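*Asks:* Please read through the structure below; I'll follow up with questions.
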Amino acid sequence: PVVRLQDYAPPAYLVDRVELDFRLDPQSTRVRSRLHVRPNPDGPGGDLVLDGEDLELTALELDGAPLAGTAYKLDKDRLTITTPPERAFVLDIGTTIDPSANTRLMGLYRSNGVYCTQCEAEGFRRITFFPDRPDVLAVYTVRIEARASDAPVLLSNGNPVGSGVVAGSDRHYAVWHDPHPKPSYLFALVGGDLGRVGDTFVTASGREVTLGIYVEKGKEDRCDYALEALKRSMRWDEDAFGREYDLDVFNIVAVSDFNMGAMENKGLNVFNDKYVLASPETATDTDYANIEAIIAHEYFHNWTGNRITCRDWFQLCLKEGLTVFRDQEFSADVRSRAVERIGDVRTLKAHQFVEDAGPLAHPVRPETYKEINNFYTATVYEKGAELIRMLKTLLGADGFRAGMDLYFDRHDGTAATIEDFIGCFAEATGRKLDDFMLWYHQAGTPEVTASGRYDTAARTYELTLEQTCPPTPGQPTKQPMPIPIAFALLGPDGDEITDLKTESPAVRDGLIELTGTRERIVFTDLPAKPVPSLLRGFSAPVKLTANLTDDDLLFAAAEDSDPYNRWQAVQSLATRILIAAQAAIADGRTPEIEPRFLRSLEHTVEADALDPSFRAQVLSLPSESDIAREIGRNVDPDAIHGADQWLRGLIGGELGACLTDVYRRFGSNLPYSPDAAGAGRRALRNTALGLIAGTGQAGIETAEQHYRNADNMTDRMAGLSALTRQGAPEADAALDDFFERYRTDPLVLDKWFSLQATMTGADTLDRVTALMRHPAFSLSNPNRVRALVGAFAAANPTQFNRADGAGYRLVADFTLEIDRSNPQVAARLLSAFRSWRVLEPVRRAAAEAALRRIAGHEGLSRDSADIVERSLD
Ligand code: ARG
Ligand code: ZN
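Numbering-wise, the working numbering comes out as the position in the sequence shown, counting from 1, plus 685.
Written out as structure tokens, the structure is:
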């Protein structure tokens, strides 16, 4: 069944209050639900339809009287109360569920002996019958009862209001009340024998909040960083958006089996433990940064998502895009803004641009879906965040804040739409934003071409900008969109020219607003040819092609005062070199290098005035998938890999002295600290190490030593991956050593699996096949599955895309297996096929065959069927 935005109708009945009573039991949990229902005055009337899935109905009463069999109808996915009273009434529902058998990890399940829930998007219906849609907001009171020894900790949303023992039994209970009306997808419950780390936070207005992080016993000492990140997030939301926390407690629970990263349930965030647990010995700098960002993300949802939620799932970006924008800004403020931006753009291009260019492309606000879980995508999240960023660029910081304030003010406590949101900015700033809505409607990455021409005699610089947007599924033609292009013109000395003169109304204060298909801007009175710095800070999610020469890019790489564009200039040069090199390799020619590129890299790496983490970003070349994306057709992953090897070897050799010098100087005798400065130094040093390791036996030895002497996981992994990346014979011994060191630590073992899944040798397929049978591999742990199979499919371009199709077959077989127990994880794995059409013909045919086989598989889940069908369409 296809769900369409245009078919939205308000709910026929509202639920004002919900009282839930759980009797937890591993195989047979009893749920009693009391719903205080009333007809929606703005609703269509008729039957009361409650969603339900995999439930056993044990009781059903209306106003205290059992319902006759004729008064309701029970179907596979719903319970219909036929013509209920046209007044407020109370419905009591009893259901029984089996948390241990719940392998989909949606609804209530048991992971490692811990009861926990995941209800977004449509998991609450696997707990009890309910109008499981985000526009039904209710106040919840939850009583949880369990054997005290089984689950000494009992948590739900809101504030704790009671607890005690059940007289004459080995059971105890806790009662939670959440005063804030919420949709069912924000419900959460946790029960288990968990350890706790606590703290308090005093909000700006003086409310004292008790903070708790709950983890498996014995892991309490790995929670400090998450706790500190939480407090930073709470303060930041007050400072940056004027948003305070609104309950007496805020709890976070870390569980080891979780389909996604984390979940923002009101007052009770549930996390994949990968995004909570950290110690220098087990977590890398990247892990720390992710923990900080995701803790912040889920916390920020309290206002953008929970206090104001979504009217329907088409509006998902209303909470996700906005909250990603907020967590990106937070990270920029607490770390380095420039480096955060570079990292965010890298991620956007690597995932969202690829999605947007293939068969799974969809608008930031989709208009139809078959399975909503398949729309938690890079487009909704990351492109959604870019739209908020553009809004801020267009309206200015003050206008943006005024719009946000109005939004919080007006829509607090409601389920809103994108129109509501954008309407607040239009109203607060007096700007018409109708055209801006196109960004929400039209899929595809707009392509902007810029060409500049300097006229020496007239002393003018003419800049012509044009936009097009390629067709995407269901959208053959596009309208031009408003594109904010932050810019400067750089003078011959490298400085920004400050007093630009132009008549063009599209230009204001460092910004060009491209609104139509084409814009011609003439800058006058320029004594010399400038170099344009366009799309500064990546001010819009577009593909920019500018007629810049290698000289212009080299100039920008050395001089541009916008750090993002300075980095981008190096990336653009490297991309040109790598594309030419892979073409040369594909036709058996020798690739060529622009020697000034190497000098430019060297210059940046040695520039001690620049932040080491920025220099590490400059030294990190475009990835093989970046190059594949830029080529865009008839892609040969082996040729790209060859080009990558060639260029890395060349850099390692030609910049040898410089890299060795950096490697020596950036070693530290100080104890490890995960802060941005320390992480930046390690990033630069470890990037240098990766290049040094490719230069022969001495390099391998350096990597081996680095691995052995590491006193933290960042360095240990850098050493190990330098060895595995080279496919050095030493890699196997180091991998064995690593396994022995960390065999009892699941999160670290995930790294061991991933590293092997991304090795580039021809024997990797056999290795991955063998690892699927390794005793530490597990189908029921999503992190482990993603670490091995996810990494192989999504991050091993040459071996997944083997010309003989064996990589595709392996992933297809595995996906069909896991689809039976956890369709959401299966569907995610399948999205690795989304770029199959850009491959050269042999691989393209092999990928298509694998997709067709999956599509034809009997009993394929709706989640997976949706992905393969759209991929083949
Ligand atoms: N709302 C969660 C977050 O972004 C993610 C939930 C993902 N749900 C899903 N069904 N895929 O923080
Ligand atoms: Zn989110």
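Don't be surprised by glycine CBs; every beta carbon is placed ideally from N, CA and C. Keep in mind the model is a prediction, meaning the values are calculated, not measured.
Can you tell me the Cα-Cα spacing of S796 and N936, whole angstroms?
*Replies:* Stepping through the sequence shown from its first residue, residue 796 is reached at position 111. Stepping through the sequence shown from its first residue, residue 936 is reached at position 251. Those two C-alpha atoms are separated by around 18 angstroms.
*Asks:* So for C1109, helix, strand or coil by DSSP?
*Replies:* In the sequence shown, counting from the first residue as 1, residue 1109 sits at position 424. Of the three classes helix, strand and coil, the one that applies to C1109 here is helix, per DSSP.
*Asks:* I think D736 touches R763, with their Cβ atoms under 8 angstroms apart; what is that distance to the nearest whole Å?
*Replies:* Here residue 736 refers to the residue found at position 51 of the sequence shown. Here residue 763 refers to the residue found at position 78 of the sequence shown. Right, their Cβ atoms sit about 6 angstroms apart.
*Asks:* Do I993 and R1090 count as a contact pair if the criterion is CB distance below 9 angstroms?
*Replies:* Taking the first residue of the sequence shown as position 1, residue 1090 is located at position 405. Taking the first residue of the sequence shown as position 1, residue 993 is located at position 308. Sequence check: residue 1090 is Asp here, not Arg. Cβ distance not < 9 angstroms, so D1090 and I993 don't count as in contact.
*Asks:* So if I measure from each beta-carbon to every heavy atom of ligand 1 and keep distances below 6 angstroms, which residues remain?
*Replies:* Qualifying residues, in the order they occur: E805, A806, M945, A947, M948, E949, H982, E983, E1005, N1058, Y1061.
*Asks:* Could you tell me which residues DSSP pairs with A947 in its beta bridges?
*Replies:* What you label residue 947 is simply residue 262 of the sequence shown in a count that begins at 1. A947 pairs with F956.
*Asks:* Contact between the stretch 1356-1365 and the stretch 1318-1337 is defined here as three or more beta-carbon pairs at a separation below 8 angstroms; is this criterion met?
*Replies:* Contact fails: fewer than three Cβ-Cβ distances are below 8 angstroms.
*Asks:* Run through the DSSP bridge pairs and tell me what Q1256 is partnered with.
*Replies:* Position 571 of the sequence shown, counted from the start, is the residue given in the question as residue 1256. Paired residue(s): none; Q1256 is not in a bridge.
*Asks:* Rounded to whole angstroms, what is the Cα-Cα separation between I1206 and G1446?
*Replies:* Indexing the sequence shown from 1 puts residue 1206 at position 521. Indexing the sequence shown from 1 puts residue 1446 at position 761. Rounded to the nearest angstrom, the two C-alpha atoms are 51 angstroms apart.
*Asks:* Work out the CA separation of E1309 and V1523 for me, nearest whole Å.
*Replies:* Walking along the sequence shown from the start, residue 1523 turns up at place 838. Walking along the sequence shown from the start, residue 1309 turns up at place 624. Distance between the alpha carbons of V1523 and E1309 is about 14 angstroms.
*Asks:* Using a threshold of 9 angstroms, state whether the C-beta atoms of R1281 and D1247 are closer than that.
*Replies:* By 1-based counting over the sequence shown, the position of residue 1281 is 596. By 1-based counting over the sequence shown, the position of residue 1247 is 562. Not a contact, by the Cβ cut-off of 9 angstroms.
*Asks:* Could you check if H986 belongs to the surroundings of ligand 2, using beta carbon to heavy atom distance under 8 angstroms?
*Replies:* Along the sequence shown, read from residue 1 onward, the residue named residue 986 stands at position 301. True, at least one ligand heavy atom lies under 8 angstroms from that Cβ.
*Asks:* Tell me R723's beta-bridge partners as DSSP assigns them.
*Replies:* Start at 1 with the first residue of the sequence shown, and residue 723 comes out as number 38. In DSSP, R723 forms a bridge with L699.
*Asks:* Considering only C-alpha positions, which residue in the set S1218, N1232, C1154 is nearest to G1176?
*Replies:* As a position in the sequence shown, residue 1176 is number 491, starting the count at 1. Ranking the options by Cα distance to G1176, first place goes to S1218.
*Asks:* For S628 and Y984, what's the separation of their Cα atoms in angstroms?
*Replies:* Outside the displayed span of the chain (686 to 1558) sits residue 628, for which this structure offers no information.
*Asks:* Nearest CA to the CA of P1156: which residue from P1165, P1215, A1128, A1173?
*Replies:* Counting from one through the sequence shown, the residue named residue 1156 turns up at place 471. When only C-alpha atoms are compared, the closest one is A1128.
*Asks:* Mind reading off the beta-carbon distance from Q1484 to T1449? Whole number of angstroms is fine, and I expect it under 8 angstroms.
*Replies:* Taking the sequence shown and counting its residues from 1, one reaches residue 1484 at position 799. Taking the sequence shown and counting its residues from 1, one reaches residue 1449 at position 764. Confirmed, Cβ separation roughly 5 angstroms.
*Asks:* Apart from the five residues just before and just after R830, which ones in its own chain have a Cβ nearer than 6 angstroms to its Cβ?
*Replies:* By one-based count along the sequence shown, residue 830 stands at place 145. Residue identity differs from the one stated: residue 830 is Glu in this sequence, not Arg. Result list for E830: R708, R856, Y858, in chain order.
*Asks:* Would you say the beta carbon of V1009 comes nearer than 8 angstroms to a heavy atom of ligand 2?
*Replies:* Translated into the one-based positions of the sequence shown, residue 1009 becomes position 324. It does: the Cβ of V1009 is within 8 angstroms (strictly closer) of some heavy atom of ligand 2.
*Asks:* Whole angstroms are fine: how far does the CA of T1114 sit from the CA of E1554?
*Replies:* As a position in the sequence shown, residue 1554 is number 869, starting the count at 1. As a position in the sequence shown, residue 1114 is number 429, starting the count at 1. Distance between the alpha carbons of E1554 and T1114: 43 angstroms.
*Asks:* Since I1325 is in the alpha helix (DSSP H), which residue starts that stretch and which ends it?
*Replies:* To locate residue 1325, count along the sequence shown from 1; it is residue 640. Start and end: 1322-1339.
*Asks:* Should L776 and L822 be called a contact, given that it needs their Cβ atoms to be closer than 9 angstroms?
*Replies:* In the sequence shown, the residue the question calls residue 776 occupies position 91. In the sequence shown, the residue the question calls residue 822 occupies position 137. It is not a contact, given that the beta carbons lie outside the stated cut-off.
*Asks:* Below 8 angstroms, is the gap between the Cβ of G808 and the nearest heavy atom of ligand 2?
*Replies:* Counting from one through the sequence shown, the residue named residue 808 turns up at place 123. Not so, every heavy atom of ligand 2 lies at least 8 angstroms from the Cβ.
*Asks:* Buried or exposed: which applies to R1513, given that a residue is buried once 16 or more other Cβ atoms fall within 10 Å of its Cβ?
*Replies:* Residue 1513 sits at position 828 when you count from the first residue of the sequence shown. Buried is the call here.
*Asks:* Got a sec: does ligand 2 put a non-hydrogen atom nearer than 8 angstroms to the Cβ of G952?
*Replies:* Here residue 952 is taken as the residue at index 267 of the sequence shown, counted from 1. Result no, Cβ not under 8 angstroms from ligand 2.
*Asks:* With DSSP run on the structure shown, which of helix, strand or coil describes P1217?
*Replies:* If you number the sequence shown from 1, residue 1217 lands on position 532. Of the three classes helix, strand and coil, the one that applies to P1217 here is strand, per DSSP.
*Asks:* Relative to the C-alpha of I773, which candidate in N844, A697, L1196 has its C-alpha closest?
*Replies:* Locating residue 773 in the sequence shown gives position 88, where the first residue counts as 1. Here residue 773 is Ala; the residue named in the question, Ile, does not match the sequence. Closest option to A773, Cα to Cα, is A697.
*Asks:* Mapping the DSSP letters down to three states, classify S1404 as helix, strand or coil.
*Replies:* Locating residue 1404 in the sequence shown gives position 719, counting from the first residue. In the sequence on display, residue 1404 carries Gly and not Ser. Correct three-state label for G1404: helix.
*Asks:* Rank V1009, D909, A1046 by C-alpha distance to the C-alpha of A1070 and give the top, closest one.
*Replies:* Translated into positions along the sequence shown, residue 1070 becomes position 385. Checking every option, the nearest Cα to that of A1070 belongs to V1009.
*Asks:* Is Q1390 buried or exposed, if buried means 16 or more other CB atoms sit within 10 Å of its CB?
*Replies:* Within the sequence shown, numbered from 1, the residue matching residue 1390 stands at position 705. Classification for Q1390: exposed.
*Asks:* If you draw a straight line from the alpha carbon of A1488 to that of A1265, how long is it in whole angstroms?
*Replies:* Position 803 of the sequence shown, counted from the first residue, corresponds to residue 1488. Position 580 of the sequence shown, counted from the first residue, corresponds to residue 1265. Roughly 22 angstroms between the two C-alpha positions.
*Asks:* What did DSSP end up calling A750 once you bin it into helix, strand or coil?
*Replies:* Taking the sequence shown and counting its residues from 1, the one referred to as residue 750 is at position 65. Correct three-state label for A750: strand.
*Asks:* Would G897 and R917 be called neighbours here (beta carbons separated by less than 9 angstroms)?
*Replies:* To locate residue 897, count along the sequence shown from 1; it is residue 212. To locate residue 917, count along the sequence shown from 1; it is residue 232. Going by C-beta atoms, G897 is not nearer than 9 angstroms to R917.
*Asks:* Measuring from the CB of Y960, is there a heavy atom of ligand 2 at a distance below 8 angstroms?
*Replies:* Within the sequence shown, numbered from 1, the residue matching residue 960 stands at position 275. Checking the Cβ of Y960 against ligand 2 gives no.
*Asks:* Report yes or no: do three or more beta-carbon pairs, one from the stretch 1060-1079 and one from the stretch 1155-1172, lie closer than 8 angstroms?
*Replies:* Yes, they touch.
*Asks:* Less than 9 angstroms between the C-beta atoms of Q1330 and V1024, yes or no?
*Replies:* Your numbering for residue 1330 matches position 645 in the sequence shown. Your numbering for residue 1024 matches position 339 in the sequence shown. No, they are not a contact pair.
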